[in-house]
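Here the structure comes first, spelled out in structure tokens, and everything after it is commentary.
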Amino acid sequence: MSPEPDQKGESVAKERLPFEPKTSRKKNRSTPSSSSRESKSSQGSQKRTPIRQEDRVIPEAVSKRMIKRMALLSGVPTALGVLTFAISYWILTQTEFDLPHIAVVLVSMGFFGLGVLGLSYGVLSASWDENRVGTLLGWQDFTQNLGRTIAAWRSVKQDKYSE
């Protein structure tokens, strides 16, 4: 599909990913009577085709790309959080410097928090396109994938409230 301009005039790629469903349901905003709802639900269950398992699976290349980013962006801060305890113990026992306990707690909590954020950023900053590696920082992929994720959450929420 070709990129479509958005409200600002910028081109936005509206491409379907290989592991996204091929069709999307139309959202019916009106609330039909219960008898028509029952007949539509019986018709809808007959027309729906089951989604194949291979269509729902994240491709291997994308999965490996996500895991690499998650390991780096989460592993380094988590290791630094653990290392904070060892370094602070060494400072307290081997030097004359009296390190406040709250400083150790805050620094280690900061590193562990960065590790949790690194998990999310690692998944969202990886290119979800099987044939494109993406950039080193992945900011463009992050904004695109976050937009896709939020749109999916909204559509699920709309489907939930429209039923």
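For what it's worth, this note's numbering labels the leading residue of the sequence shown as 5, then goes sequentially. No residue lacks a Cβ here, since even glycine has one placed at the ideal position from N, Cα and C.
In this structure, the beta-carbon distance from S112 to T88 falls below 8 Å.
Across the set L96, T139, W132, L141, the C-alpha of W132 shows the shortest separation from the C-alpha of G151. Straight across, the Cα-Cα distance linking K68 with L76 is about 12 Å. Ranking G117, G114, N149 by CA distance to the CA of A130 puts N149 first. In this structure, the CA atom of G142 is about 44 Å from the CA atom of E100. When the alpha-carbon of T82 is set against those of M70, A90, G117, the nearest one is in G117. Ranked by Cα distance from V61, the options E134, H105, V80, I91 are led by E134. Take the alpha-carbon of F115 and the one of L128: they are about 20 Å apart.
Taking a contact as a CB-CB distance under 8 Å, the pair G119 and S78 counts as one, their CB atoms being some 5 Å apart. Under the DSSP assignment, P81 falls in the alpha helix (DSSP H) whose first and last residues are 64 to 98. About 6 Å separates the Cβ atoms of M70 and G126, confirming a contact at the 8 Å cut-off.
Between S92 and L110, the gap from beta carbon to beta carbon reaches 8 Å or more.
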